[in-house]
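Chains R and A, in that order, give the protein sequences. Remember, our numbering sits 156 above the position in the first sequence when you count from 1. Remember, our numbering sits 1 above the position in the second sequence when you count from 1.
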Amino acid sequence: MSETAVGLIGISALMMLIFLRMPIGLAMALVGFAGFWAVAGLNGALSNLSAVPYRYVADYSFVVIPLFLLMGSIAANTGISRALYIATHKWVGQLRGGLAMATVVACAGFAAICGSSTATGAAMSKVALPEMQRYKYSPELSTGCIAAGGSMGILIPPSLGFILYAILTEESIGQLFMAGILPGVLEAAFYIVTIYILCKFNPSLGPAGPRTNFKSKLISLKGVWSMLALFVLVMGGIYMGIFVPSEAAAIGTFGALIIGLVNRRLNRKSFIDSLAETGRSTAMIFLLVIGAMIFQRFLAVTNLPFFIAELVAGLNMPAYVILVAVIFFYIIIGCFLDVFSALVLTIPIIFPTIVALGFHPIWFGVIFVRVAEIGLITPPIGLNCFVIAGVTGVPLGTVFRGIVPFVFADICHVALLVAVPEISLFLPKMMVR
Amino acid sequence: MGVKPSSWPGHFEKVIALTSRLLNNIGIAFLVLLMFLITADVLLRAALKRPILGTNELSEFMMIIVVYLAVAYTQHTKSHVSVDLVISRFPQRAQDIVDSFIYLLSLAVCSLITWRAFVDVNRLLDINRVSDVLYVPVAPFQLVMAIGFFIFCLVLLLDFLHAVRKATKK
């Protein structure tokens, strides 16, 4: 039996175990171990089992995972989401659909200190939804804009999606972070335009909120400037080459802690809650990472990823046609797997093909994360919609109806990012290294 | 779950739950330490041009502690990622049987990792491996990883026993 055949059998076995509800990290470790044994012998397979879990945790650059998680968690527990929403509400609330636009902007702001989409969605739905209900916004529009806005959590840095992508492909975390900024801002703009168009044609969806004077607009910024300054410090430091992402993550977490203590919003209980939550997510992500790495070593000895890359390159099809096929594949995958699982399962197989086709790895990272966002809000397992329905009690069907216009915006946005790679690559290229 | 707390499986269960939770709390305490260490390193470098020697390798050791002391508790709270989409449509009895099988496989792969991790502890002790800058012995951290996986195995064993009991109950 050829090695590529073993590789294909391995992938099928892995799929089966995953659909039988095996924890994905353990399933990848198991198949990776058995496959490596079959192709390259038992000794190597056994030594992977201990070497990989040690090596891929004991790495200085991976401290970004627990630290950025902790930073987002502390920020969420210190009421920054409320302060952000109050501020954006004061600034754009008087427009038609303004509260929904305010939600999108507040989501983008929250995404700038939190690396997770579901956390962003959950935090914003607690503060933004009651307000939109008060002003008689349609439930579809109000939950839809939170679900879509929340999905920006993994595009706007710090982003767990980029961190995992960087680990799997050995690309730079800092460059990926920078690459996510402009597409993230643009995405918020797309959502705002969507809301504007929706409310233009049907004003009853989102009536205008109260007018506020300039003074109260300025006062509303009091609660948010510190966190925004923190974002500028963290990302600016990476951009200017003053510190590496690991240091930025520690500084950012420390800063969030200080802000929480000064504001007196962070108490003992919420701090411990943040830590516990971070511990769980960290172990969850690293089990995925080590499973993926054991599996990747198996794939490497089967040569399958390179075999696929050669095969695809030999098709003589325009690269962009293949890219569009890959994007559609990811939209479908996104319907069945969460972002992190989709990343660890597919990137090791697909990445060599993307590079062989001549696409920029950083740019593809942006496209991947952006497409994965769509999976977060589309049925059957649009995780963000579940979270929002769970937190707010709005029926899931309503949330799913609400995201339809935003998915149209998503598709236009992805098309633009594909057509103009400079949107993603401009900042990473300007970065001081 | 149907087991009297006074019987031995009940005790065993309690001990595992407490142990995994305790380890988890130790782990997250190290996370706080990790944050302070790196922050202090950056600040001292900026202010006095004197970074803390060996910050990188100390951080790496702490990562081992943070991650592997939390891994068992994460299983205890069922927070490891899995795909529910297909299997949740099966009849309950079939689900219980599949669950038992999957827990057994998970236990198998975890046990293998635990075994290899302990083997490596011995190997590292034999060659007396130390870190590059501060000459900290590496073996104790490999041991932390081994213990973390060992407790992970015990949690999986409990999950397996529960699943079997559910599957065989009339």
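Ideal Cβ positions, reconstructed from N, Cα and C, are used throughout, including at glycine.
Specify, as a first and last residue, the run of the alpha helix (DSSP H) that R/Thr458 falls within. The residue labelled residue 458 of chain R in the question sits at position 302 within the first sequence. From DSSP, the alpha helix (DSSP H) with R/Thr458 extends over 424-458.
Please report whether the beta-carbon of A/Gly11 lies at a distance below 8 Å from any beta-carbon of chain R. Residue 11 of chain A sits at position 10 when you count from the first residue of the second sequence. No, its Cβ sits nowhere closer than 8 Å to a Cβ of chain R.
Sort R/Arg252, R/Leu467, R/Leu182, R/Asn419 by Cα distance to A/Leu105 and report the nearest one. Counted from its first residue, the second sequence places residue 105 of chain A at position 104. Among R/Arg252, R/Leu467, R/Leu182, R/Asn419, the Cα nearest to that of A/Leu105 is on R/Leu182.
Give a yes or no on whether 8 Å exceeds the smallest Cβ distance from R/Phe484 to chain A. Looking up residue 484 of chain R in the first sequence gives position 328. So, not an interface residue.
Does any CB atom of chain R fall closer than 8 Å to the CB of A/Val67? Translated into the one-based positions of the second sequence, residue 67 of chain A becomes position 66. For A/Val67, the answer is yes, since a Cβ of chain R falls inside 8 Å of its Cβ.
Indicate whether at least one CB of chain A lies closer than 8 Å to the CB of R/Val543. Counting from one through the first sequence, the residue named residue 543 of chain R turns up at place 387. So no, R/Val543 is outside the interface.
Is any heavy atom in the ligand SAH found nearer than 7 Å to the beta carbon of R/Phe192? For the ligand SAH, the structure offers nothing, since it holds no ligand at all.
Cβ closer than 7 Å: which chain A residues qualify as neighbours of R/Phe496? In the first sequence, the residue the question calls residue 496 of chain R occupies position 340. By Cβ distance, chain A contributes Val82.
By DSSP's criteria, R/Pro295 is part of a beta bridge. Which residues make up the other side? Working through the first sequence from its first residue, we reach residue 295 of chain R at position 139. Its beta-bridge partners do not exist; DSSP assigns none.
By the 10 Å Cβ neighbour count, where 16 or more other Cβ atoms means buried, how is R/Gly330 classified, buried or exposed? Position 174 of the first sequence, counted from the start, is the residue given in the question as residue 330 of chain R. Label assigned to R/Gly330: buried.
CA-to-CA distance, A/Tyr74 to R/Lys425, given in whole angstroms: Translated into the one-based positions of the first sequence, residue 425 of chain R becomes position 269. Translated into the one-based positions of the second sequence, residue 74 of chain A becomes position 73. Going from the Cα of R/Lys425 to the Cα of A/Tyr74 covers about 19 Å.
Taking just the CA atoms, how far does A/Gly11 sit from A/Lys5? Taking the first residue of the second sequence as position 1, residue 5 of chain A is located at position 4. Taking the first residue of the second sequence as position 1, residue 11 of chain A is located at position 10. Here A/Lys5 scores only 48 on pLDDT, less than 50, and its place in the model is too uncertain to base an answer on.
Any 3 or more C-beta pairs closer than 8 Å across the segment 275-290 of chain R and the segment 234-245 of chain R: yes
Using the three-state DSSP reduction, which class does A/Val131 fall into: helix, strand or coil? Position 130 of the second sequence, counting from 1, holds the residue named residue 131 of chain A. Reduced to three states, the DSSP call for A/Val131 is strand.
Chain-order list of residues whose beta-carbon lies under 6 Å from that of R/Ala448 (same chain, five-residue window excluded): Counted from its first residue, the first sequence places residue 448 of chain R at position 292. Counting only Cβ-Cβ distances below 6 Å, and skipping sequence neighbours, we find Met184, Val500.
For A/Pro138, the residue or residues it bridges with in DSSP: Position 137 of the second sequence holds residue 138 of chain A. Paired residues: A/Val131.
Strictly below 9 Å CB to CB, what residues from chain R border A/Ala118? Looking up residue 118 of chain A in the second sequence gives position 117. Here the neighbours are Leu205, Ser206, Pro209, Tyr210.
In the structure shown, what three-state DSSP assignment does R/Met473 receive? Looking up residue 473 of chain R in the first sequence gives position 317. Three-state DSSP puts R/Met473 in coil, outside helix and strand.
Using the C-alpha atoms, what's the distance from R/Arg557 back to R/Thr548? Taking the first sequence and counting its residues from 1, the one referred to as residue 548 of chain R is at position 392. Taking the first sequence and counting its residues from 1, the one referred to as residue 557 of chain R is at position 401. So the two alpha carbons sit approximately 16 Å from each other.
Determine the DSSP secondary structure at A/Lys5, reduced to helix, strand or coil. Taking the second sequence and counting its residues from 1, one reaches residue 5 of chain A at position 4. Low confidence applies here, because A/Lys5 scores a pLDDT of 48, under 50, leaving its location unreliable; read the following figure in that light. Coil at A/Lys5, not helix or strand.
Does the segment 512-519 of chain R touch the segment 466-476 of chain R, meaning 3 or more C-beta pairs lie closer than 8 Å? yes
Using a C-beta to C-beta distance shorter than 9 Å, which residues of chain A count as neighbours of R/Val213? Residue 213 of chain R sits at position 57 when you count from the first residue of the first sequence. Glu61, Met64, Ile65, Val67, Val68, Tyr69, Met146, listed in chain order.
First and last residue of the alpha helix (DSSP H) that includes R/Asp494? Counting from one through the first sequence, the residue named residue 494 of chain R turns up at place 338. Run containing R/Asp494: none; DSSP gives neither H nor E here.
Would you mind telling me which residues of chain A sit closer than 8 Å to R/Thr434, beta carbon to beta carbon, in chain order? Numbered from 1 along the first sequence, position 278 holds the residue referred to as residue 434 of chain R. Correct list: Ile29, Leu32.
Could you give the residue range of the alpha helix (DSSP H) that holds R/Ser561? Taking the first residue of the first sequence as 1, we reach residue 561 of chain R at position 405. The question names Ser, but residue 561 of chain R is Pro in the sequence shown. 552-575 is the span of the alpha helix (DSSP H), which, as asked, contains R/Pro561.
So, for R/Leu583: in the same chain, excluding its five sequence neighbours on each side, which residues have a beta-carbon less than 8 Å away from its beta-carbon? Start at 1 with the first residue of the first sequence, and residue 583 of chain R comes out as number 427. If we look at R/Leu583 and ignore the five residues flanking it on each side, its Cβ neighbours are Met334, Ala335, Ile337, Leu338, Tyr395.
In its own chain, which residues sit with a C-beta less than 6 Å from the C-beta of A/Val100, not counting the 5 before and 5 after it? Position 99 of the second sequence, counting from 1, holds the residue named residue 100 of chain A. Reading off the sequence, residue 100 of chain A comes out as Asp, not Val. So the list reads Ala164, once near-sequence residues are dropped.
Could you work out which residues of chain A lie near R/Ser402, taking near to mean beta carbons separated by less than 8 Å? As a working mapping, residue 402 of chain R is identified with position 246 in the first sequence. Here the neighbours are Ile39, Ser60.
Please report the distance separating the alpha-carbon of A/Leu59 from that of R/Leu386. In the second sequence, residue 59 of chain A corresponds to position 58, counting from 1. In the first sequence, residue 386 of chain R corresponds to position 230, counting from 1. When rounded, the distance between both Cα atoms is 26 Å.
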